[in-house]
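>
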Amino acid sequence: MSRVTHKSVVEEQGQRTARSTDAYLPKVGHEAALCKKCGALYRNKRWTVAGEEAGAGNLAKVVCPACQRMADNNPGGIVTFAGDYLLAHEDAILNSIKNIEAKSRAKNPLGRIMEISQDKNVLTIATTEDKLAQKLGREIFKAHRGELHYRWSHGESFVRVSWFR
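Written as C-alpha coordinates, this is what we have:
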(Lines of atoms letter the chains of each structure in order from A; the text may use other names.)
(Lines give C-alpha, C1' and ligand atoms only; values in the text may rest on other atoms or scores of the structure.)
Protein backbone atom coordinates (compact mmCIF):
# COMPACT_ATOMS: atom_id res chain seq x y z
CA MET A 17 0.00 0.00 0.00
CA SER A 18 1.41 3.40 -0.97
CA ARG A 19 1.15 6.49 1.16
CA VAL A 20 0.13 9.84 -0.28
CA THR A 21 2.13 12.81 0.91
CA HIS A 22 1.27 16.46 0.43
CA LYS A 23 4.38 18.24 -0.80
CA SER A 24 4.60 21.76 -2.10
CA VAL A 25 4.73 22.28 -5.84
CA VAL A 26 8.29 22.36 -7.13
CA GLU A 27 9.30 24.11 -10.33
CA GLU A 28 12.28 23.45 -12.53
CA GLN A 29 15.63 22.84 -10.77
CA GLY A 30 14.12 22.51 -7.30
CA GLN A 31 12.78 26.05 -7.03
CA ARG A 32 9.50 26.48 -5.15
CA THR A 33 6.72 28.27 -6.96
CA ALA A 34 5.59 31.67 -5.80
CA ARG A 35 2.55 31.68 -3.53
CA SER A 36 0.69 34.14 -5.67
CA THR A 37 0.96 35.51 -9.18
CA ASP A 38 -0.47 38.87 -8.12
CA ALA A 39 1.62 41.60 -9.77
CA TYR A 40 0.75 44.05 -7.00
CA LEU A 41 2.36 42.09 -4.18
CA PRO A 42 5.63 43.66 -2.95
CA LYS A 43 8.84 42.32 -4.38
CA VAL A 44 11.60 40.95 -2.17
CA GLY A 45 14.22 43.52 -1.27
CA HIS A 46 13.10 45.94 1.44
CA GLU A 47 12.84 45.06 5.10
CA ALA A 48 10.97 48.26 5.87
CA ALA A 49 9.44 50.78 3.50
CA LEU A 50 7.02 53.69 3.51
CA CYS A 51 4.50 54.42 0.78
CA LYS A 52 5.25 57.86 -0.61
CA LYS A 53 1.60 58.41 -1.62
CA CYS A 54 -0.51 57.26 1.35
CA GLY A 55 2.05 56.78 4.11
CA ALA A 56 1.40 53.06 4.72
CA LEU A 57 4.29 51.25 6.41
CA TYR A 58 5.74 47.93 5.16
CA ARG A 59 7.50 45.97 7.90
CA ASN A 60 7.83 42.24 8.64
CA LYS A 61 6.15 41.36 5.31
CA ARG A 62 2.99 43.30 6.25
CA TRP A 63 1.50 46.65 5.35
CA THR A 64 0.24 48.60 8.36
CA VAL A 65 -0.98 52.08 9.19
CA ALA A 66 2.12 54.20 9.75
CA GLY A 67 2.50 55.46 13.29
CA GLU A 68 5.29 57.15 15.18
CA GLU A 69 7.83 54.55 14.03
CA ALA A 70 7.45 55.72 10.41
CA GLY A 71 9.67 58.73 11.04
CA ALA A 72 12.38 56.71 12.77
CA GLY A 73 15.11 55.07 10.78
CA ASN A 74 16.01 55.12 7.13
CA LEU A 75 12.95 53.72 5.34
CA ALA A 76 12.84 53.10 1.61
CA LYS A 77 10.24 55.14 -0.26
CA VAL A 78 7.98 52.93 -2.40
CA VAL A 79 4.42 52.89 -3.74
CA CYS A 80 2.14 50.43 -1.94
CA PRO A 81 0.05 47.88 -3.89
CA ALA A 82 -3.19 49.82 -3.21
CA CYS A 83 -1.78 53.06 -4.62
CA GLN A 84 -0.43 51.13 -7.63
CA ARG A 85 -3.88 49.63 -8.28
CA MET A 86 -5.47 53.06 -8.03
CA ALA A 87 -2.94 54.57 -10.43
CA ASP A 88 -3.47 51.70 -12.89
CA ASN A 89 -7.27 51.86 -12.40
CA ASN A 90 -7.23 48.08 -11.89
CA PRO A 91 -9.67 47.13 -9.10
CA GLY A 92 -9.38 43.94 -7.07
CA GLY A 93 -13.15 43.78 -6.64
CA ILE A 94 -16.36 45.29 -8.00
CA VAL A 95 -19.47 45.48 -5.81
CA THR A 96 -22.85 46.22 -7.38
CA PHE A 97 -25.85 47.18 -5.26
CA ALA A 98 -29.13 47.34 -7.16
CA GLY A 99 -32.89 47.52 -6.71
CA ASP A 100 -35.64 49.85 -5.63
CA TYR A 101 -34.76 49.25 -1.98
CA LEU A 102 -31.40 50.93 -2.64
CA LEU A 103 -33.08 54.20 -3.66
CA ALA A 104 -35.23 54.24 -0.52
CA HIS A 105 -32.27 53.53 1.81
CA GLU A 106 -29.40 55.07 -0.16
CA ASP A 107 -28.04 57.28 2.64
CA ALA A 108 -28.01 54.48 5.22
CA ILE A 109 -26.30 52.07 2.80
CA LEU A 110 -23.65 54.61 1.76
CA ASN A 111 -22.92 55.46 5.42
CA SER A 112 -22.58 51.74 6.20
CA ILE A 113 -20.20 51.29 3.27
CA LYS A 114 -17.99 54.17 4.44
CA ASN A 115 -17.96 52.83 8.02
CA ILE A 116 -17.08 49.31 6.84
CA GLU A 117 -14.19 50.68 4.77
CA ALA A 118 -12.90 52.79 7.69
CA LYS A 119 -12.90 49.78 10.06
CA SER A 120 -11.27 47.57 7.45
CA ARG A 121 -8.63 50.17 6.60
CA ALA A 122 -7.60 50.43 10.26
CA LYS A 123 -6.63 46.73 10.11
CA ASN A 124 -5.44 46.60 6.51
CA PRO A 125 -4.44 49.89 4.83
CA LEU A 126 -4.38 48.21 1.41
CA GLY A 127 -8.16 47.64 1.39
CA ARG A 128 -9.65 50.84 -0.02
CA ILE A 129 -12.57 52.04 -2.05
CA MET A 130 -11.29 53.30 -5.39
CA GLU A 131 -14.50 54.68 -6.83
CA ILE A 132 -18.22 54.93 -6.10
CA SER A 133 -20.54 55.53 -9.03
CA GLN A 134 -24.32 55.52 -9.29
CA ASP A 135 -26.60 55.15 -12.27
CA LYS A 136 -30.31 55.33 -11.36
CA ASN A 137 -30.94 52.42 -8.97
CA VAL A 138 -27.50 50.77 -9.38
CA LEU A 139 -24.58 51.66 -7.12
CA THR A 140 -21.16 50.37 -8.22
CA ILE A 141 -18.09 50.35 -5.98
CA ALA A 142 -14.55 49.48 -7.09
CA THR A 143 -12.17 48.27 -4.37
CA THR A 144 -8.42 47.67 -4.27
CA GLU A 145 -8.81 44.22 -2.69
CA ASP A 146 -11.15 41.31 -3.28
CA LYS A 147 -11.57 40.76 0.47
CA LEU A 148 -12.94 44.29 0.98
CA ALA A 149 -15.45 43.78 -1.85
CA GLN A 150 -16.64 40.54 -0.23
CA LYS A 151 -16.89 42.23 3.17
CA LEU A 152 -18.95 45.14 1.78
CA GLY A 153 -21.43 42.76 0.16
CA ARG A 154 -21.63 40.51 3.22
CA GLU A 155 -22.17 43.36 5.71
CA ILE A 156 -24.88 45.06 3.60
CA PHE A 157 -26.57 41.67 3.18
CA LYS A 158 -26.51 41.12 6.97
CA ALA A 159 -28.03 44.54 7.64
CA HIS A 160 -30.57 44.78 4.79
CA ARG A 161 -31.09 41.18 3.55
CA GLY A 162 -31.78 40.69 -0.16
CA GLU A 163 -29.83 38.49 -2.60
CA LEU A 164 -26.04 38.27 -2.57
CA HIS A 165 -23.89 36.61 -5.25
CA TYR A 166 -20.11 36.25 -5.65
CA ARG A 167 -18.21 35.54 -8.89
CA TRP A 168 -14.48 34.93 -8.62
CA SER A 169 -12.05 35.22 -11.48
CA HIS A 170 -9.88 32.14 -11.99
CA GLY A 171 -6.16 32.80 -11.90
CA GLU A 172 -6.50 36.32 -10.52
CA SER A 173 -7.51 37.74 -7.17
CA PHE A 174 -10.61 39.50 -8.48
CA VAL A 175 -14.24 39.17 -7.38
CA ARG A 176 -17.57 40.56 -8.55
CA VAL A 177 -20.12 40.90 -5.78
CA SER A 178 -23.78 41.55 -6.62
CA TRP A 179 -26.45 42.52 -4.08
CA PHE A 180 -30.06 43.03 -5.05
CA ARG A 181 -33.21 43.90 -3.16
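So the sequence shown is numbered by the working numbering: it starts at 17 and just counts up by one.
Heads up, the beta-carbon is just placed ideally off N, CA and C, and yes, glycines get one too.
Assuming the contact rule is C-beta atoms closer than 8 Å, residue 126 and residue 145 should be a hit. Round their C-beta distance to whole Å, please.
If you number the sequence shown from 1, residue 126 lands on position 110. If you number the sequence shown from 1, residue 145 lands on position 129. Between residue 145 and residue 126 the Cβ distance is about 6 Å, and since that is below 8 Å, they are a contact.
> Determine which residues share a DSSP beta bridge with residue 79 and list them.
For the purposes of this step, residue 79 is taken as the residue at position 63 of the sequence shown. None, per the DSSP bridge assignment.
> Which class does residue 139 belong to by DSSP, given the choice of helix, strand or coil?
As a working mapping, residue 139 is identified with position 123 in the sequence shown. Three-state DSSP puts residue 139 in a strand.
> Does the beta-carbon of residue 152 have 16 or more other beta-carbons within 10 angstroms, so that it is buried, or is it exposed?
As a first step, residue 152 is located in the sequence shown; it is residue number 136 there, counting from the start. Buried is the call here.
> So, residue 76 versus residue 50, is the Cβ gap smaller than 9 Å?
By one-based count along the sequence shown, residue 76 stands at place 60. By one-based count along the sequence shown, residue 50 stands at place 34. Result yes, Cβ atoms of residue 76 and residue 50 sit closer than 9 Å.
> Can you check which of these residues, 168, 80 and 159, is closest to residue 149 by C-alpha distance?
Translated into positions along the sequence shown, residue 149 becomes position 133. Of 168, 80 and 159, the residue nearest in Cα terms is 168.
> Can you give the beta carbon distance from residue 143 to residue 156, rounded, assuming they're within the 8 Å contact cut?
By one-based count along the sequence shown, residue 143 stands at place 127. By one-based count along the sequence shown, residue 156 stands at place 140. 13 Å between Cβ atoms; not a contact.
> To which residues of the same chain is residue 170 closer than 6 Å at the C-beta, ignoring the five residues directly before and after it?
Residue 170 sits at position 154 when you count from the first residue of the sequence shown. Hits under 6 Å: none found.
> Where does residue 161 land, buried or exposed, given buried means 16+ other C-beta within 10 angstroms?
Counting from one through the sequence shown, the residue named residue 161 turns up at place 145. Looking at its Cβ environment, which holds fewer than 16 other Cβ atoms inside 10 Å, residue 161 is exposed.
> Hey, how far is the Cα of residue 83 from the Cα of residue 95?
The residue given as residue 83 occupies position 67 in the sequence shown. The residue given as residue 95 occupies position 79 in the sequence shown. Roughly 19 Å separates the two Cα atoms.
> Which two residues bound the contiguous beta strand (DSSP E) that contains residue 160?
Looking up residue 160 in the sequence shown gives position 144. Element bounds for residue 160: not the beta strand (DSSP E) but the alpha helix (DSSP H), 146-160.
> Among 181, 180, 59 and 63, which residue has its Cα nearest to the Cα of residue 121?
Here residue 121 refers to the residue found at position 105 of the sequence shown. The option with the nearest alpha carbon to residue 121 is 63.
> Could you give the distance in angstroms between the alpha-carbon of residue 81 and the alpha-carbon of residue 180?
Against the sequence shown, residue 81 aligns to sequence position 65. Against the sequence shown, residue 180 aligns to sequence position 164. Using only the alpha carbons, I get a separation of about 31 Å.
> Taking C-beta to C-beta, are residue 109 and residue 139 nearer than 9 Å?
For the purposes of this step, residue 109 is taken as residue 93 along the sequence shown, with counting starting at 1. For the purposes of this step, residue 139 is taken as residue 123 along the sequence shown, with counting starting at 1. Yes.
> Which residues mark the beginning and the end of the alpha helix (DSSP H) in which residue 121 is found?
Walking along the sequence shown from the start, residue 121 turns up at place 105. That run of the alpha helix (DSSP H) goes 106-123.
> For residue 66, which of helix, strand or coil comes out of DSSP?
Within the sequence shown, numbered from 1, the residue matching residue 66 stands at position 50. Note: residue 66 maps to coil in three-state DSSP.
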